[in-house]
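Residue numbers (my numbering), protein chains in the order written: chain U, 855 to 1153; chain E, 8 to 388; chain S, 4 to 267. Ideal Cβ positions, reconstructed from N, Cα and C, are used throughout, including at glycine.
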Amino acid sequence: MTTADEARSRTWPSLVGGRPRVNRWSVLALPAVVFLVAVFLIPLLAMTLRSVNDPPGAGLSNYQQFFTQGAYVRVLTNTFWIALLATVSCLVIGYPFAYLMTIVSGRVAGLLLIAVLLPFWSSLLVRTFAWQVLLRDTGVINRILLDLGVISEPLTLIRTTLGVILGMSHILLPFMVLPIYAVMRRIDPEFSRAAANLGASPATAFLRIFVPLSLPGVLAGCLLVFVLALGFYITPALLGGLKDQMISQLIVQQIQQRLDWGFGTAMGVLLVAITLAFLFAASRAVRLQDVFGSGIGED
Amino acid sequence: MTAEAMTPTRPAAGERPALVLRALTKHFGSAVAVDGIDLDVRPGEFLTLLGPSGSGKTTTLRMVAGFMAPTSGSIEIDGSDMTRVPPHRRDVGMVFQNYALFPHMTAAENVAFPLRMRRRPGAEIKKRVGEALDLVKLGSFGDRYPRQLSGGQQQRIALARAVVFEPRLLLMDEPLGALDRKLRESLQLEIIRVSRELGATVLYVTHDQEEALVMSDRIAIFSMGRIEQLGSGADLYDRPASLFVADFIGESNILRGRYEVDGGAGGWMTRDETRWRVGAASAGRSDVASGAAAALVVRPERMRVLADGATPDGLNTADATVDEVLYLGPDIKYQLALPWGQRISIREPRELDARELARGERVRIGWKVEDGLLVADPASA
Amino acid sequence: MTESWRQPRRILMAALGGLTVFYLLAPTLVIVPMSFTEAEILSFPPQGFSLQWYEHMLTDTQWSTSIVNSLIVAVLTAAVATVLGTLAALGLSRGRFPGRSLVNGLVLSPLIVPVVVIAIGMFGLFVQWKISGSVLGLVLAHTALALPFVVVNVGTSLQTMDRNLELAAANLGANPRRSFMHITLPIILPGVVAGAIFAFITSWDEVVTAIFLTTARFRTLPVEMWEQVRQVVDPTVAAVSTTLLVVTTGLLLLLVFVRRQAPA
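Okay, structure coming up:
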């Protein structure tokens, strides 16, 4: 009757009483589906099988092996810890930056957006390498500080947790800024004005009105950064020390060096499971399209 | 229950209708958008589907265009059954509300598109596109892209594109809705001129009753998926068949009460202590039963403020208190309150030496018996 | 935002903003001048000006073959991913079938699964299928990773396109095929091109799956760089980094240009 009903019946005919039709366009999605199942899903499934079958009849022994060894569990907790640190640092840097983007003119906001997106699309390896160059004992930062006389001996910045966090935050910052900015943009400036009119000081208006309204973006950004940080490999490998080892490094080690496929794949399955668990838990709190829909194609 | 008897819906013998809708129905799940429409459109006629949003007029138009398949019923265009024919083979012209001009083509390329689809030779396309653009007075604008044209110009290009292939039927879906008033008025005349020049049959959808009255030969008033009344503008205005139509077209004062037949000719409308005469003609046209709840519809320009003491024959009267006095240039409009609180309006031409009424003043109002139109009152008080 | 607190806040915000932009851009930009050093080692500030490291990159067989390999893989990936992704976007946007949201999720899932896991999964199976270490294997892997970007770009184009245009085309006599070729495709072309560019960039810069799916004889540029970066760091790596950056930035600028030209 209304166009809304029309639209609904076209999208979910079964819901509005019609028969669920499969129209001709549907077949176009097939090649991609077949491709992904073959090249993406099946390898993951094979990997999962291998984790319980290598050595043959292993069952859950690979998993047991992981959880019973302190060293491995430490790597897991360290992974969470570093991911958490990275999330916090991205939030601390990213929230004010996103706010800045909302209060400047459109032109400047566009430039700031480019500043965020450009590194986003440059090679992760190049950026991590750049940090390596910056943080080394003979690197740029130490060089400058030594030349300026601020320090007399080079600071140990590389092979430290600080180095890893600096590098990871650099790479993950866009994933925090973009969702927060997307939500902040939609907050009506009238709210702050109304609050002022009703007697709130600027600081109060900001804390009591603006910040709570921006929380969905914050949650989305934190979730995204955390989940991505869990799986990081290149950056901790190049910038971190032995005690900063993350689980992905352990996985690569087991596969490439030790050739222990059973153990390696088991950890891989574990990592995916943890990632999915976090995403699922968060999907209850945040709309996932806010998380994955931003950044790409935003002008 | 419609007043179709007023205006013949079937064309004169020998004249095949341009469009025939028979029992056309559309369901969306359990919701009924179009509920068994019957309509015959004469060749060269400008027929408007008028009604509020959600009344089914746009859905009907889209079914005629072929964008939607009817749940049941049939559509016949120029004698051929088109009910199941896909839209690209129906050969009807359509003008969309938001123009739907192809943004990546110039105006001329847009207009040429239907001719290209029909594989006409290049020279012919060029000639006919030029003619179509001249028809809408945009002959030199062919090389512009839609984004370089104003809203009114875009709409005229859309019109040119819809008529260039000389379709048998022209459909228009609220084409002027997005334009401002002045532009709308000039484009209304433009559309009428173009369709007359082409001798096209036009099916026009709008929710603006003034627009419908200005442009149409006949109007079909839609309400809740059905046609309430079909007729010319004058028919609908002077002889509305229902309260809905009376309320939708033009302004009306609605006096509710109970109707009693009086012998053979006409009857009486009773409300509380007041009684009004219902004319024989009006009573004969309506099918309100004696004793039923009914309403008398009187147009504001048919009511008058009576001079003190005057009680002429042949008039129904009532006491009223003046609420507001509005100056409308050549006319003056009074809003008055009847004894039971109901507000009515009276519209009169301003007499230069007439005394102006004051707010709160008590007056007597009256109208000719035959100007009171009797309709049923669905919401019986 | 009220006027009264503009001044001090503004300065603070601007300073923070500037600092953040510096944080974002400086590290990568520092590499660029360092690639022109005359010295044998990476140093800051760079000494002198020389193109020797670029020369080395282009003449040294290991580096130059890896550049060529990267190009081949990236172009093939862009081609395959664009075709599959555009079809998928059309199917998801215009298609009606049960499980549509599942397919949507499947297409986006390569973005969610940690790339290390994807890498070992594919490695394990590709070895069995005997395609590990080949162009085919790497192209398949990169296509899977690039697919979400193509689908999102084309999907957005399709969504923002005025549906009435397709109705108008049908009304004016175009059958579904002609409507697609003449109306839909030209209008979504910027989205398709954008997807292709992102697919290229994804493959061009990709390192983790490449580490597993390449061999000493068949290497891509990022993998070559990865090997070098952990051992001897000669300035060639800086030259390579600059090259990678220039290519990516160039493509992104091209993308911005394409977007500006979009008709709708």
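Asked                                                                                                                                                                  : Found
Starting from Lys375/E, trace the beta strand (DSSP E) both ways and give me its first and last residue.                                                               : Arg369 to Lys375
Step through the CB atoms of chain E and report whether any lies within less than 8 Å of the CB of Ala173/S.                                                           : yes
What would DSSP say about Gly328/E, mapped onto helix, strand or coil?                                                                                                 : The identity of residue 328/E in the sequence shown is Thr, whereas the question assumes Gly. It is a strand residue.
Heavy atom of the ligand GTP less than 7 Å from the Cβ of Trp275/E, yes or no?                                                                                         : The ligand GTP is absent from the structure shown, which contains no ligands of any kind.
Which runs of the alpha helix (DSSP H) at least 4 residues long sit entirely within the segment 102 to 181 of chain S? Give them in chain order.                       : 103 to 111, 118 to 131, 138 to 163 and 166 to 174
Decide if Phe215/S is buried, meaning its Cβ has at least 16 other Cβ atoms within 10 Å, or exposed.                                                                   : buried
Using the Cβ count rule (16 or more neighbours within 10 Å means buried), how would you classify Arg97/E?                                                              : buried
At least one CB of chain E closer than 8 Å to the CB of Gly108/S: is that the case?                                                                                    : no
Can you pull the chain E residues whose beta carbon is under 9 Å from the beta carbon of Arg222/S, in chain order?                                                     : Within 9 Å Cβ-Cβ: nothing; Arg222/S doesn't reach chain E, min ~43 Å.
Near Trp8/S, what residues of its chain come up, given a Cβ to Cβ distance below 6 Å and the 5 sequence neighbours on each side ignored?                               : With a pLDDT of 49 at Trp8/S, under the threshold of 50, the modelled position of this residue cannot be trusted; read the value that follows with caution. Excluding positions up to five away in sequence, the list is empty.
Return no unless some Cβ of chain E is closer than 8 Å to the Cβ of Gly198/S.                                                                                          : no
Looking only at DSSP bridge pairs, what is His34/E linked to?                                                                                                          : Val39/E
Could you check whether Gly274/E and Val285/E sit closer than 8 Å to each other, using their CB atoms as the reference points?                                         : yes
Name, going along the chain, the residues of the segment 231 to 251 of chain S whose beta-carbon falls closer than 9 Å to a beta-carbon of chain U.                    : Val232, Arg233, Val236, Val240, Ala241, Val243, Ser244, Thr245, Leu247, Leu248 and Thr251
Under the DSSP definition of a beta bridge, which residues are partnered with Asn932/U?                                                                                : The partner list for Asn932/U (beta bridge, DSSP) is empty, contrary to what the question assumes.
Is there contact between the segment 88 to 95 of chain S and the segment 1062 to 1077 of chain U, where contact requires at least three CB pairs shorter than 8 Å?     : no
Quick check on Val1031/U: does DSSP put it in helix, strand or coil?                                                                                                   : helix
Go ahead and label Gln216/E buried or exposed: buried means 16 or more other beta carbons lie within 10 angstroms of its beta carbon, across all protein chains shown. : buried
Is the segment 984 to 998 of chain U in contact with the segment 931 to 947 of chain U, if contact means three or more CB pairs nearer than 8 Å?                       : no
If you count every other CB in all the chains shown that lies within 10 Å of the CB of Asp208/S, and 16 or more means buried, which is it?                             : buried
Going along chain U, which residues have a C-beta under 8 Å from Val195/S?                                                                                             : Those within 8 Å of Val195/S in chain U number zero; the least Cβ separation is about 12 Å.
Output the distance between the C-alpha atoms of Thr245/S and Ile1041/U, rounded to the nearest integer angstrom.                                                      : 40 Å
Note down the Cα distance separating Arg23/E from Arg369/E, rounded to an integer number of angstroms.                                                                 : 58 Å
Between Gln986/U and Ile1012/U, is the Cβ-Cβ spacing less than 8 Å?                                                                                                    : yes
Helix, strand or coil for Leu1113/U? Go by DSSP, reduced to three states.                                                                                              : coil
Skipping 5 residues on each side, what residues in its chain have a beta carbon closer than 6 Å to that of Ile1150/U?                                                  : Since pLDDT at Ile1150/U reaches only 34, below the 50 mark, its modelled position is unreliable, and no value is offered.
What residues from chain U crowd round Ala147/S, counting only those whose CB sits closer than 8 Å?                                                                    : Phe889, Leu890, Val893 and Phe894
Just tell me which of Glu308/E, Gly257/E and Arg175/E has its CA closest to the CA of Ala241/E.                                                                        : Gly257/E
When you compare only the Cα positions, how much space is there between Leu869/U and Ala900/U?                                                                         : Note that Leu869/U scores a pLDDT of 34, beneath 50, so its modelled location is shaky; the value from the coordinates is reported in the next line. If you take the alpha carbons of Leu869/U and Ala900/U, they lie about 37 Å apart.
Give the residues of chain S in contact with Ile1088/U, contact being defined as C-beta atoms less than 8 Å apart.                                                     : Val210, Val211 and Trp229
Touch check for the segment 900 to 912 of chain U and the segment 138 to 153 of chain S: three-plus C-beta pairs under 8 Å?                                            : no
Based on the DSSP secondary-structure assignment, which residues constitute the bridge partners of Leu122/E?                                                           : Per DSSP, none; premise fails for Leu122/E.
If you count every other CB in all the chains shown that lies within 10 Å of the CB of Ile1005/U, and 16 or more means buried, which is it?                            : exposed
On the criterion of 16 or more Cβ atoms from any shown chain inside 10 Å, does Pro1066/U qualify as buried, or is it exposed?                                          : exposed
Looking at C-alpha atoms only, which residue of Arg928/U, Thr1015/U, Val1031/U and Pro897/U is the closest neighbour of Leu128/S?                                      : Pro897/U
Skipping 5 residues on each side, what residues in its chain have a beta carbon closer than 6 Å to that of Thr982/U?                                                   : Gly1021, Ile1088, Thr1089 and Leu1092
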